Amino acid sequence: HPNLYGAGATYGKERYKSTWDVVLYGTKGPKSNCKKKVSEFSYVQYRSGFDVMNYAQPRPLLHKGQKPLQLIKRLIDCSSEEGDIVVDPFSGSGTTAIAAKMLKRNYIVNDKELEFVELTKKRLADTSLFEDINNSFVE
Numbered sequence: 003h004p005n006l007y008g009a010g011a012t013y014g015k016e017r018y019k020s021t022w023d024v025v026l027y028g029t030k031g032p033k034s035n036c037k038k039k040v041s042e043f044s045y046v047q048y049r050s051g052f053d054v055m056n057y058a059q060p061r062p063l064l065h066k067g068q069k070p071l072q073l074i075k076r077l078i079d080c081s082s083e084e085g086d087i088v089v090d091p092f093s094g095s096g097t098t099a100i101a102a103k104m105l106k107r108n109y110i111v112n113d114k115e116l117e118f119v120e121l122t123k124k125r126l127a128d129t130s131l132f133e134d135i136n137n138s139f140v141e
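Quick note, the sequence shown lines up with residues 3 to 141 if you use the numbering used here.
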């Protein structure tokens with residue numbers, strides 16, 4: 003088929019570039035210290051699986067690779083415990099640090115661009131993000 007990406011030239015490949023992202027996460031060592039079974043926890047807590055997750059992209063974007071806060075919170079919640087360390091070496095706008103703080107995890111984040119390091123610090127200092135921290139979990 004000449005156009006496998008859509009119904010027409012204006013609907014083609016470009017449409018799919020921003021509609022999905024691959025997210026990789028890992029643990030140190032052969033076994034995670036987290037006692038949660040990630041897929042099972044996801045089904046129980048969020049009523050859906052862990053393989054495909056659908057969240058609206060925040061607008062306006064603060065960074066071109068910014069991920070939705072609720073997505074990052076879910077990944078951290080399903081794969082770690084309170085007090086664990088979450089590492090994001092490409093933190094961009096700081097969403098991972100914010101999610102980790104909301105979920106009472108420690109975090110180590112970094113970005114090579116000073117502009118985004120400062121943005122992360124500013125967002126973490128914005129206490130309004132954390133005012134409703136007790137009600138930010140899915141019931």
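Using N, Cα and C, we set each Cβ at its ideal position, and we do this for glycine too.
All values derive from a computational prediction rather than experimental measurement.
Sequence-distant residues of its chain with Cβ nearer than 6 Å to residue i (five each side left out)
i, result
"Y57", "P70, Q72 and L73"
"K106", "E84"
"N137", "Confidence in N137 is poor, its pLDDT being 38 and thus under 50, which makes the residue's placement unreliable; the coordinate value appears in the next sentence. Within the same chain, N137 has no close Cβ partners at all."
Option in the options with minimal Cα separation from residue i
i, options, result
"K114", "R49, D86, V46 and D90", "D90"
"M104", "L77, V24, R61 and S44", "L77"
"F53", "D79, R61, S44 and A101", "The sequence shown places Asp at residue 53, rather than the Phe named in the question. With distances taken between Cα atoms, D53 lies closest to S44."
"L116", "K66, A102, G94 and A99", "G94"
"K66", "G96, S81, V40 and E83", "G96"
"K55", "K37, Q68 and D23", "Residue identity check: residue 55 is Met in the sequence provided, not Lys. The shortest Cα separation from M55 among K37, Q68 and D23 belongs to D23."
Same chain only: Cβ atoms within 7 Å of residue i, ignoring 5 sequence neighbours per side
i, result
"I110", "I87 and V89"
"Q59", "P70"
"N112", "P91 and S93"
"G51", "S41, S44 and Y45"
"L121", "L64, S95 and G96"
Beta-carbon proximity list for residue i, same chain, < 8 Å, skipping 5 on both sides
i, result
"L126", "G96, A99, I100 and K103"
"F118", "H65, S93, G94, S95 and G96"
"Q68", "Q59, P60, G94, S95 and T97"
"N108", "G85, D86, I87, V88 and A102"
Nearest-angstrom Cβ-Cβ length linking residue i and residue j, presumed shorter than 8 Å
i, j, result
"S81", "K38", "7 Å"
Completely contained beta strand (DSSP E) runs for the region 84–120, where each covers 3 or more residues: 87–90 and 108–111
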